[in-house]
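In what follows, a structure is listed as structure tokens, so that the remarks can point back to it.
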Amino acid sequence: MDIKKSRLQKIFVCASLLSLTACSSITKDSSSTNEVDEMGDISQTNSATYLCNASPLHVFFHAEDAQLTWNDKEYMLTQAVSASGSFYLGEGLSFWIHGETAELEVGTMATKCRLVKVES
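Letter 37 of the sequence shown, counting from 1, is numbered 37 in full-length UniProt numbering, and no numbers are missing.
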């Protein structure tokens, strides 16, 4: 029962934060270049590669924003408050990092990820 309650609380928090965020997913086409170019103006701190269900996930961290690429799609995320680890939200997805593990939630599907490489 506590697991379901915790899961529902997490979903509620994510839904609440998503309603406050103006991030959106972008695809690799000409309409996405403006948003990606805007991210280029922010100094990049580092990048990381995770393995999620045998698929590589690349994330570039820019101040409080993150640019995530997974399964040939790019997403722009904004850092949100987290009790532990780092939590990022985008439209229809969230990415939570805790140590060398992470969890990607797209819609209702949660995918466990493990850190493969970090670059500064």
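Virtual Cβ for every residue (Gly too), placed ideally from N, Cα, C. As the structure is a computational prediction, the values presented were derived from the model and not from experiment.
According to DSSP, is G90 helix, strand or coil?
strand
So, is V118 buried or exposed, given that buried needs 16 or more other C-beta atoms within 10 angstroms?
exposed
Under 9 Å, do E77 and S94 count as touching if we go by C-beta distance?
Here residue 77 turns out to be Leu, not Glu, going by the sequence shown. Yes, Cβ-Cβ distance for L77 and S94 is below 9 Å.
For D29, collect the residues of the same chain with a Cβ closer than 6 Å to its Cβ; drop the 5 residues on either side in sequence, then sort them by chain order.
For D29, the pLDDT reaches just 47, beneath the cut-off of 50, and the residue's location in the model is therefore unreliable, although a value from the coordinates is still provided. Nothing listed; no residue qualifies.
What did DSSP end up calling E64 once you bin it into helix, strand or coil?
Looking at E64 - three-state DSSP - the assignment turns out to be coil, as it is neither helix nor strand.
Considering only the beta carbon of each residue, do I66 and Y88 sit closer than 9 Å?
Reading off the sequence shown, one finds Ala at residue 66, where the question assumed Ile. Cβ atoms of A66 and Y88: closer than 9 Å.
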